[in-house]
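One structure below.
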Amino acid sequence: MGGAERARRKGADGIDAIERLTGGGPRLAVVAGPPGYGKRAAGIKALWEVSQAEERSRGKAQKLQSIAPDWEKPGLPDIGELPDEPGRCYLLDVASEISSWRKPGLVAQQLVSHAEELKFSGSFLVVIADEHGWPEGVSGAVAGVVARATARPSPHRVARSHLEYVHHVPDRIRWLTTPTEEGSAGEAGHLLTDSSRPDDAARLAAQLASAEDSTEGLKNALSAFREWRTAVQNVFTETEDKPEDRALLISSLFLNGKDALTIQNSARALLGDDPETDVRTILTGPDLTTRLTKMGAEVNERTVYSAEHRELIARVLTVAAEADTLGVQVRALLLDSAQDESEAVATVVALVCRGEFAEHYPRQALVRLRHILDRPETDEAVRTAQESLRDIAARDGQLPRVWSTVIKWATENMHLAGHRAFLSLLDPRVDPYVLQVMLAAAEQKEDIKEALLDGWNAALADTRVEAECRQLLTAWAEARKTADMPTELLTDLLNQIMLGHLVASPVAALIFGEPGVADGEAVIDLRKDLRLPPMLSFLITAHERASAES
Numbered sequence: 003m004g005g006a007e008r009a010r011r012k013g014a015d016g017i018d019a020i021e022r023l024t025g026g027g028p029r030l031a032v033v034a035g036p037p038g039y040g041k042r043a044a045g046i047k048a049l050w051e052v053s054q055a056e057e058r059s060r061g062k063a064q065k066l067q068s069i070a071p072d073w074e075k076p077g078l079p080d081i082g083e084l085p086d087e088p089g090r091c092y093l094l095d096v097a098s099e100i101s102s103w104r105k106p107g108l109v110a111q112q113l114v115s116h117a118e119e120l121k122f123s124g125s126f127l128v129v130i131a132d133e134h135g136w137p138e139g140v141s142g143a144v145a146g147v148v149a150r151a152t153a154r155p156s157p158h159r160v161a162r163s164h165l166e167y168v169h170h171v172p173d174r175i176r177w178l179t180t181p182t183e184e185g186s187a188g189e190a191g192h193l194l195t196d197s198s199r200p201d202d203a204a205r206l207a208a209q210l211a212s213a214e215d216s217t218e219g220l221k222n223a224l225s226a227f228r229e230w231r232t233a234v235q236n237v238f239t240e241t242e243d244k245p246e247d248r249a250l251l252i253s254s255l256f257l258n259g260k261d262a263l264t265i266q267n268s269a270r271a272l273l274g275d276d277p278e279t280d281v282r283t284i285l286t287g288p289d290l291t292t293r294l295t296k297m298g299a300e301v302n303e304r305t306v307y308s309a310e311h312r313e314l315i316a317r318v319l320t321v322a323a324e325a326d327t328l329g330v331q332v333r334a335l336l337l338d339s340a341q342d343e344s345e346a347v348a349t350v351v352a353l354v355c356r357g358e359f360a361e362h363y364p365r366q367a368l369v370r371l372r373h374i375l376d377r378p379e380t381d382e383a384v385r386t387a388q389e390s391l392r393d394i395a396a397r398d399g400q401l402p403r404v405w406s407t408v409i410k411w412a413t414e415n416m417h418l419a420g421h422r423a424f425l426s427l428l429d430p431r432v433d434p435y436v437l438q439v440m441l442a443a444a445e446q447k448e449d450i451k452e453a454l455l456d457g458w459n460a461a462l463a464d465t466r467v468e469a470e471c472r473q474l475l476t477a478w479a480e481a482r483k484t485a486d487m488p489t490e491l492l493t494d495l496l497n498q499i500m501l502g503h504l505v506a507s508p509v510a511a512l513i514f515g516e517p518g519v520a521d522g523e524a525v526i527d528l529r530k531d532l533r534l535p536p537m538l539s540f541l542i543t544a545h546e547r548a549s550a551e552s
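Numbers 3 to 552, taken from my numbering, label the letters of the sequence shown in order.
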């Protein structure tokens with residue numbers, strides 16, 4: 003790369019990330035800088051340039067892929083969880099969390115080592131950091147991957163880059179043209195100004211990319227960008243530079259019904275601050291009731307009521323969990339709250355794990371659902387967590403992760419949560435999708451079939467889920483009658499389950515029936531098809547005759 007070309011690229015992006023990626027060292031560039039300097043857009047542009055260079059030299063462009071910092075334990079990134087598929091350009095944004103890493107030097111060295119391995123798979127990695135979080139003093143190798151963003155980018159350029167390189171819809175750049183350019187102004191061009199944040203430009207690009215390519219589709223996208231859907235979101239805009247008020251908002255929503263001072267102390271804890279004890283600060287600071295009222299909360303004497311619907315609280319927490327200022331703390335709050343005794347609090351966390359949070363942080367969502375599913379009673383929080391788990395499993399590409407996680411919970415760790423999750427996932431009464439997929443896989447792979455049996459063995463050994471086991475066994479018996487289920491495999495699995503647990507209450511109830519319970523035709527037919535020991539089959543037949551005669 004010549005000097006003029008190098009200067010052009012550094013002038014265009016304000017960084018030298020491309021040189022870091024292609025300079026012969028680890029396939030890593032860490033783009034560092036203050037907020038609002040377009041670090042993410044610059045990283046995307048650098049990866050795109052590398053991808054195009056690979057296409058010119060090897061005939062195939064690299065695939066750009068964004069990685070969420072989806073660690074199971076906040077503050078302790080597991081670099082071994084990062085993907086390393088061949089021919090990829092990875093983008094990992096840790097700008098909002100790097101300051102909370104407990105061992106930043108170790109993590110940085112692990113990232114450098116990971117990037118060295120990426121050479122062998124022909125892939126690249128750009129990490130987005132904050133201004134001072136990357137520990138350059140650890141070693142020369144760690145310092146050598148840093149590329150600094152030194153200038154604020156044009157918001158319009160950021161939005162265009164996202165449309166072309168991230169969303170792959172360059173034709174929609176026409177909607178962003180400004181009056182100063184040739185031709186008529188694009189319908190969305192006026193929504194960004196020189197003072198717009200890069201995040202806003204990226205959000206507008208996402209709205210335009212997902213819109214239907216029609217007049218009505220564009221209208222809806224522009225409306226969605228302009229209008230915050232709730233008063234809570236308006237508060238987020240007003241408190242952009244006031245993390246204390248944002249924390250107060252989240253705390254008041256989450257602790258709905260608690261006294262004002264408890265909410266204030268929780269907000270300070272969310273920010274990692276100690277409760278305020280200085281009398282001068284307390285007397286001269288903003289009035290707490292005024293701050294809460296301004297954000298739309300109702301203060302009745304000393305008690306605060308800030309939300310009408312749990313869905314609203316969950317939506318706010320979802321937005322906050324991905325916000326630059328409080329995202330890391332909110333994700334940690336969700337982990338703590340998933341273990342809260344309050345049914346209402348745990349239910350809200352389960353709702354969060356059903357939304358966009360699960361799209362961007364699936365591993366963290368599963369960990370939080372596991373804690374909720376471990377609650378001693380099957381309350382609303384548990385039922386909501388079961389629904390959220392099924393929702394994640396039904397999303398494109400998520401079932402393998404969900405299945406491997408749940409079967410580990412159920413068989414290796416023997417969690418109540420694992421048994422509930424296993425039984426819930428495979429329940430065809432709500433949605434047969436997961437059961438259909440797993441049975442189809444079991445027909446092809448013996449290890450999947452064995453995992454299904456292992457999961458059943460673990461669940462049937464847990465007396466806390468006897469009722470759920472009984473219900474699912476009956477549901478499987480009924481599923482044999484549907485056209486889209488492999489009847490022979492289902493029967494074989496049920497037969498092995500029965501033989502292994504003849505004395506277990508759910509199995510005995512299915513084989514012999516229960517007093518006062520009328521079994522359906524599907525259960526009766528299953529009994530006939532089971533390959534049970536002759537003496538047991540004789541007892542079942544005799545039992546059925548006696549029941550019919552009585």
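Each residue gets a CB set at the ideal place from its N, CA and C atoms; glycine is no exception.
None of the values given here were measured: they were computed from a predicted structure.
**Asked** Where are the alpha helix (DSSP H) runs, 4 residues long or more, that stay fully inside the region 189 to 237, in chain order?
**Response** 200 to 212, 217 to 228
**Item:** Residue burial classification, R60 (beta-carbon count within 10 angstroms, cutoff 16)
**Value:** The residue given as residue 60 occupies position 58 in the sequence shown. Counting Cβ neighbours within 10 Å, R60 comes out exposed, since fewer than 16 surround it.
**Asked** Given L193, which residues of its chain have a CB within under 8 angstroms of its CB, disregarding the five upstream and five downstream residues?
**Response** Here residue 193 refers to the residue found at position 191 when the sequence shown is read from its first residue. Result list for L193: L206, L224, F227, R228, in chain order.
**Prompt:** Do R496 and A524 have their C-beta atoms closer together than 8 angstroms?
**Reply:** Translated into the one-based positions of the sequence shown, residue 496 becomes position 494. Translated into the one-based positions of the sequence shown, residue 524 becomes position 522. The sequence given here places Leu at residue 496; Arg does not occur at that position. Contact: no.
**Message:** Give me, in chain order, the residues of the same chain whose beta-carbon lies closer than 7 angstroms to that of E51; leave out the 5 immediate sequence neighbours on both sides.
**Reply:** Walking along the sequence shown from the start, residue 51 turns up at place 49. Contacts found: I20.
**Asked** Excluding five sequence neighbours on each side, which residues of the same chain lie with their C-beta closer than 6 angstroms to the C-beta of V281?
**Response** Taking the first residue of the sequence shown as 1, we reach residue 281 at position 279. Unreliable positioning characterises V281 in this predicted model, as indicated by a pLDDT of 36, which lies under 50. The coordinate reading is nonetheless provided below. Around V281: no qualifying Cβ.
**Request:** Starting from the Cα of F122, find the closest Cα among A463, L474, R29, E56 and give me that residue.
**Result:** Locating residue 122 in the sequence shown gives position 120, counting from the first residue. Taking only the C-alpha atoms, the option nearest F122 is R29.
**Request:** Give a yes or no on contact between the region 345 to 357 and the region 382 to 392, applying the rule of three or more CB pairs nearer than 8 angstroms.
**Result:** yes
**Message:** Considering just the uninterrupted stretch of the beta strand (DSSP E) at Q67, what are its terminal residues?
**Reply:** As a first step, residue 67 is located in the sequence shown; it is residue number 65 there, counting from the start. Counting along the chain, the beta strand (DSSP E) containing Q67 begins and ends at 65 to 69.
**Item:** Limits of the unbroken alpha helix (DSSP H) element including R356
**Value:** If you number the sequence shown from 1, residue 356 lands on position 354. R356 -> no alpha helix (DSSP H), and no H or E assigned at all.
**Prompt:** R377 to W73, Cα distance in whole Å?
**Reply:** Translated into the one-based positions of the sequence shown, residue 377 becomes position 375. Translated into the one-based positions of the sequence shown, residue 73 becomes position 71. Approximately 23 angstroms, taken between the alpha carbons.
**Asked** Taking C-alpha atoms, which residue in S163, L210, A153 lies nearest to W177?
**Response** Reading the sequence shown from its first residue, position 175 is the one you call residue 177. Residue L210 is the option with its Cα nearest to W177.
**Request:** Could you pull the start and end residues of the alpha helix (DSSP H) that V332 belongs to?
**Result:** Taking the first residue of the sequence shown as position 1, residue 332 is located at position 330. From DSSP, the alpha helix (DSSP H) with V332 extends over 329 to 340.
**Asked** Within this structure, are the beta carbons of G329 and A340 separated by less than 8 angstroms?
**Response** If you number the sequence shown from 1, residue 329 lands on position 327. If you number the sequence shown from 1, residue 340 lands on position 338. Going by C-beta atoms, G329 is not nearer than 8 angstroms to A340.
**Request:** Within its chain, find whatever has a CB closer than 8 angstroms to the CB of D80; leave out the 5 residues flanking it on each side and keep chain order.
**Result:** Here the question's residue 80 lines up with position 78 in the sequence shown. So the qualifying residues of the chain are W73, E74.
**R363 in three-state terms, based on DSSP** = Here residue 363 corresponds to residue number 361 of the sequence shown, with the count starting at 1. The sequence given here has Tyr at residue 363, not Arg. Y363 falls in the coil class under three-state DSSP.
**Prompt:** Considering L418, what are the terminal residues of the beta strand (DSSP E) in which it resides?
**Reply:** Residue numbering aside, residue 418 sits at position 416 when the sequence shown is read from its first letter. Segment 418 to 427 is the alpha helix (DSSP H) holding L418; no beta strand (DSSP E) there.
**Prompt:** For P508, which residues of its own chain have a beta-carbon under 7 angstroms away from its beta-carbon, when the five flanking residues on both sides are left out?
**Reply:** For the purposes of this step, residue 508 is identified with residue 506 of the sequence shown, where counting begins at 1. Correct list, in chain order: L462, E468, C471, R472, L475.
**Item:** Same chain, Cβ closer than 7 angstroms to T407, five either side skipped, listed in chain order
**Value:** Your numbering for residue 407 matches position 405 in the sequence shown. Here the set comprises L368.
**Prompt:** If you drop the 5 nearest sequence neighbours on each side, which residues of the same chain put their C-beta closer than 7 angstroms to that of S53?
**Reply:** As a first step, residue 53 must be located in the sequence shown, where it is residue number 51. Closer than 7 angstroms at the Cβ level, and outside the excluded window around S53, lie A63, Q64, L66, C91.
**Neighbour-count burial assignment, M500, 16 or more Cβ in a 10 Å radius** = Translated into positions along the sequence shown, residue 500 becomes position 498. The residue in question, M500, is buried, as its Cβ has 16 or more Cβ neighbours within 10 Å.
**Pair within 8 angstroms by beta-carbon distance, A423 and L455** = Against the sequence shown, residue 423 aligns to sequence position 421. Against the sequence shown, residue 455 aligns to sequence position 453. Against a cut-off of 8 angstroms, the Cβ pair of L455 and A423 comes out as no contact.
**Straight-line gap, P564 to R397 (C-alpha atoms, nearest Å)** = This structure gives no information on residue 564, because the portion of the chain shown stretches from 3 to 552.
**Prompt:** From the beta carbon of G142, is the nearest beta carbon of chain C less than 8 angstroms away?
**Reply:** Looking for chain C here will not work: only one protein chain is present.
**Request:** Identify, in the order they occur along the chain, each residue of the same chain with its Cβ nearer than 6 angstroms to the Cβ of S212, setting aside the five sequence neighbours on each side.
**Result:** Counted from its first residue, the sequence shown places residue 212 at position 210. Taken in chain order, the list of residues that qualify is empty.
**Prompt:** Apart from the five residues just before and just after G40, which ones in its own chain have a Cβ nearer than 7 angstroms to its Cβ?
**Reply:** Position 38 of the sequence shown holds residue 40. The residues are A151, R154, P155, V160, P200.
**Asked** Near N222, what residues of its chain come up, given a Cβ to Cβ distance below 8 angstroms and the 5 sequence neighbours on each side ignored?
**Response** Residue mapping note: residue 222 aligns to position 220 of the sequence shown, counting from 1. Counting only Cβ-Cβ distances below 8 angstroms, and skipping sequence neighbours, we find A213, E214.
**Prompt:** So, is K447 buried or exposed, given that buried needs 16 or more other C-beta atoms within 10 angstroms?
**Reply:** As a working mapping, residue 447 is identified with position 445 in the sequence shown. Exposed.
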